[in-house]
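Chemist: I am attaching a structure below and will ask some questions about it afterwards.
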Amino acid sequence: MIEAIEQNLQRGVQLLKNISDDQYRNKSVGPYHSSIGCHMRHILDVYSCIFNGLEDGYIDLSVRERNECAENETSVGLEYFNTVIKRLNEISTEDFNKSVKICDNVGLGNETANYTVAAALMQAQSHTTHHYASIGYLIYQLGIELPVADFGFNPSTVKR
């Protein structure tokens with residue numbers, strides 16, 4: 001699982017290595033006017049929340065870093081990716097079945113649910129791919145060439 005998540009995160013690293021800061025922070029594309037950097041920072045914030053809550057078994061997804069530099073400067077985004085990948089590789093497979101509580105604001109306030117570390121990581125992986133798809137739309141609209149052809153595609157998507 002760790003290997004698959006890291007491979008997916010490396011897709012983001014490759015993208016950041018191949019775009020400019022102006023492309024990274026460009027918010028001109030509607031309808032949401034979010035940037036590639038905004039999506040990347042958000043993806044990494046979710047992983048950071050998981051890592052920050054592992055020790056005490058309480059992961060609060062509503063307490064995200066929201067570092068504006070990480071969404072505006074590719075170099076800071078790359079540093080954030082590297083930190084997340086390093087921390088991901090510090091998780092032991094023996095920890096996968098550890099129970100954790102996940103808290104998040106689901107629309108009407110915070111709710112808490114029981115998870116395992118593996119389930120939290122699987123959800124973060126799916127969340128990453130979801131945002132990569134949104135980034136793929138932005139990339140297309142901005143005329144940027146994708147560094148990998150399957151960027152933003154879920155592995156379970158039927159290939160034709």
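Residue numbers (our numbering): 1 to 160. Where a beta carbon is used, it is the ideal one built from N, C-alpha and C, also for glycine.
Across which residues does DSSP place Asp60 in a beta bridge pair?
Modeler: Residue 60 sits at position 60 when you count from the first residue of the sequence shown. Paired residue(s): Cys103.
Chemist: Quick check on the DSSP output: the beta strand (DSSP E) that includes Glu68 runs from which residue to which?
Modeler: In the sequence shown, counting from the first residue as 1, residue 68 sits at position 68. Taken as a continuous stretch (DSSP letters only), Glu68 belongs to no beta strand (DSSP E), being part of the alpha helix (DSSP H) at 68 to 72.
Chemist: Alpha carbon to alpha carbon, how far is Lys27 from His33? Give it in angstroms, no decimals.
Modeler: On the sequence shown, position 33 is the one that residue 33 refers to. On the sequence shown, position 27 is the one that residue 27 refers to. About 5 Å.
Chemist: Curious, which full-length alpha helix (DSSP H) runs of at least 4 residues does the segment 12 to 37 contain?
Modeler: Segments of the alpha helix (DSSP H) lying fully in the segment 12 to 37: 21 to 25.
Chemist: Along the beta strand (DSSP E) that carries Ala149, what are the first and last residues, could you check?
Modeler: Here residue 149 refers to the residue found at position 149 of the sequence shown. No beta strand (DSSP E) contains Ala149, which DSSP labels as neither H nor E.
Chemist: Going by the beta-carbon positions, is the gap between Val106 and Thr116 smaller than 8 Å?
Modeler: Position 106 of the sequence shown holds residue 106. Position 116 of the sequence shown holds residue 116. Result no, Cβ atoms of Val106 and Thr116 do not sit closer than 8 Å.
Chemist: Excluding five sequence neighbours on each side, which residues of the same chain lie with their C-beta closer than 8 Å to the C-beta of Ile19?
Modeler: For this step, residue 19 is matched to residue 19 along the sequence shown. Taken in chain order, the residues that qualify are Ile36, Thr74, Ile144.
Chemist: Suppose you measure from the CA of Ile91 to the CA of Leu142; what does that come to, to the nearest Å?
Modeler: Residue mapping note: residue 91 aligns to position 91 of the sequence shown, counting from 1. Residue mapping note: residue 142 aligns to position 142 of the sequence shown, counting from 1. So the alpha carbons of these two residues sit roughly 37 Å apart.
Chemist: From which residue to which residue does the alpha helix (DSSP H) around Thr129 run?
Modeler: In the sequence shown, the residue the question calls residue 129 occupies position 129. Where Thr129 is concerned, the enclosing alpha helix (DSSP H) stretches over 117 to 142.
Chemist: Keeping to the same chain, check which residues put their C-beta closer than 6 Å to that of Val148; ignore five residues upstream and five downstream.
Modeler: Indexing the sequence shown from 1 puts residue 148 at position 148. Closer than 6 Å at Cβ, skipping near neighbours: Arg11.
Chemist: Counting only the same chain and skipping the five closest in sequence on each side, list residues whose C-beta sits under 6 Å from that of Thr128.
Modeler: To locate residue 128, count along the sequence shown from 1; it is residue 128. Within the same chain, Thr128 has close Cβ partners Asn8, Ile43.
Chemist: In terms of alpha-carbon separation, which member of Asp95, Ala4, Leu15 lies closest to Ile135?
Modeler: Looking up residue 135 in the sequence shown gives position 135. Nearest of Asp95, Ala4, Leu15 to Ile135, Cα basis: Leu15.
Chemist: Between the alpha carbons of Phe96 and Met122, how many angstroms are there, rounded?
Modeler: Within the sequence shown, numbered from 1, the residue matching residue 96 stands at position 96. Within the sequence shown, numbered from 1, the residue matching residue 122 stands at position 122. Roughly 10 Å between the two C-alpha positions.
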